[in-house]
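Visitor: Quick one: the structure is below, and I'll ask about it shortly.
Take a look at the structure:
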């Protein structure tokens, strides 16, 4: 099955960094800008991205590369070393500028292909006061 | 970018149903069974699957097919009518039997390809009493 980028990550991370405070821009391809309609009302979104610098698949890993935590299966971890190189992170949506979403907390390197974006909460559960 | 199934959904849903109460089996390919190691300690998991019966892409949709809710962009919805046909659902993990995970609440039809599985909570935040 073929998947294609809907956009790319733009940030200052060329290697592992303090992801929680990192601000990133999600630059969405112009042909998909209409798909962002009203997303700015969402306080949090899920970003699905492709680990384009992942190279190997391991069936057992230490969670968070922390060797003090015993190994678990890769599907019980968020490690990039998985059969399909997909990452999913819930991020704070700070601002939308046309086809660009400004987010906080994305753990993806500069240039990472974005595969999909989904709301983190349901519309009927959205607390408007949050935004 | 190419993605491949790690397994398939087995359940009674040949069409839309009451997903919240539906029990499904995630039948993982034998070569990936080791990647499930210790996943049974997780009370909830994320299932990433492929909408293999989706046919069209729409940039604006009514959330949950509910016409009483005004249209939003597809990336502000969970609709299958998206550029990459990926669905993500958090489900309750009831049981693991070797390469089979028994889950509750998956909104995917019988035979749906499974692309990935991830923990819904971090290992260091796992409340062992939940399971």
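Residue numbers (this note's numbering), protein chains in the order written: chain A, 74 to 204; chain B, 74 to 204.
Backbone N, C-alpha and C fix where the C-beta goes; we use that ideal spot for every residue, glycine too.
(1) Please return the same chain residues whose Cβ sits closer than 8 Å to the Cβ of residue 183 (chain A), not counting the five positions on each side in sequence.
(2) Give a yes or no on contact between the stretch 170-186 of chain B and the stretch 101-119 of chain B, applying the rule of three or more CB pairs nearer than 8 Å.
(3) Roughly how many whole angstroms lie between the Cα atoms of residue 96 (chain B) and residue 179 (chain B)?
(4) If you count every other CB in all the chains shown that lies within 10 Å of the CB of residue 89 (chain B), and 16 or more means buried, which is it?
(5) Cβ of residue 16 (chain A) within 9 Å of Cβ of residue 118 (chain A)?
(6) Can you name the start and end residues of the beta strand (DSSP E) that residue 164 (chain B) belongs to?
(7) Closer than 8 Å, Cβ to Cβ, to anything on chain B: give me those residues from the stretch 164-183 of chain A, in chain order.
(8) Just verifying my parser: in three-state terms, what is the DSSP assignment at residue 121 (chain B)?
(9) Tell me the rounded alpha-carbon separation between residue 146 (chain A) and residue 143 (chain B).
(10) Are the Cβ atoms of residue 45 (chain B) and residue 121 (chain A) separated by less than 9 Å?
(11) List the residues of chain A whose Cβ lies closer than 9 Å to the Cβ of residue 151 (chain B), in chain order.
(12) Could you pull out every residue in the same chain whose Cβ sits closer than 6 Å to the Cβ of residue 241 (chain A), ignoring the five residues on either side in sequence?
(13) Determine which residues of the stretch 129-140 of chain B have a Cβ less than 7 Å from any Cβ of chain A, and write them out in chain order.
(14) Is residue 103 (chain A) close to chain B? Criterion is C-beta to C-beta, closer than 9 Å.
(15) Can you confirm whether residue 95 (chain A), when its beta carbon is compared against all beta carbons of chain C, has any partner nearer than 9 Å?
(16) Output the distance between the C-alpha atoms of residue 168 (chain B) and residue 98 (chain B), rounded to the nearest integer angstrom.
(17) Residue range of the beta strand (DSSP E) that residue 81 (chain B) falls in?
(18) By Cβ distance, which residues of its chain are closer than 7 Å to residue 186 (chain A), with the 5 residues on each side in sequence left out?
(19) List, in chain order, every chain A residue whose beta-carbon is nearer than 9 Å to that of residue 83 (chain B).
(20) How far does the beta strand (DSSP E) with residue 112 (chain B) in it reach, from first residue to last?
(21) Out of B:115, B:157, B:151, which one is the CA nearest neighbour of residue 165 (chain B)?
(22) Tell me which residue opens and which closes the beta strand (DSSP E) that residue 106 (chain B) is part of.
(23) Following the continuous beta strand (DSSP E) through residue 189 (chain B), name the residue where it begins and the one where it ends.
(24) Under 8 Å between beta-carbons, which chain A residues line up against residue 156 (chain B)? List them in chain order, please.
(25) Hey, how far is the Cα of residue 133 (chain A) from the Cα of residue 155 (chain A)?
(26) Please report whether the beta-carbon of residue 111 (chain B) lies at a distance below 9 Å from any beta-carbon of chain A.
Guide: Result, derived from the coordinates:
(1) 82, 83, 84, 85, 86, 87.
(2) yes
(3) 8 Å
(4) exposed
(5) Here chain A comprises residues numbered 74 to 204, so residue 16 (chain A) is not present and cannot be evaluated.
(6) 159-170
(7) So the list is empty, because no residue satisfies the distance condition.
(8) DSSP, read as helix, strand or coil, puts residue 121 (chain B) in strand.
(9) 42 Å
(10) Look at the range of chain B in this structure, 74 to 204, and you will see that residue 45 (chain B) is not part of it.
(11) 191, 192, 195
(12) The question about residue 241 (chain A) has no answer here: the residues shown for chain A are numbered 74 through 204.
(13) Listed by position, the residues of the stretch 129-140 of chain B near chain A (Cβ gap below 7 Å) are 132, 133, 136.
(14) no
(15) Absent from the structure is chain C; the protein chains it does hold are A and B.
(16) Each residue's alpha carbon lies about 9 Å from the other.
(17) Its beta strand (DSSP E) spans residues 80-83.
(18) 78, 81, 122, 123, 125
(19) Ordered by position in chain A, no residue passes the 9 Å Cβ test against residue 83 (chain B), which lies about 17 Å from the chain.
(20) No beta strand (DSSP E) holds residue 112 (chain B); DSSP gives it neither H nor E.
(21) B:115
(22) First-last for residue 106 (chain B): undefined, no H or E at that position.
(23) Its beta strand (DSSP E) spans residues 186-192.
(24) 77, 79, 105, 108, 189
(25) 10 Å
(26) yes
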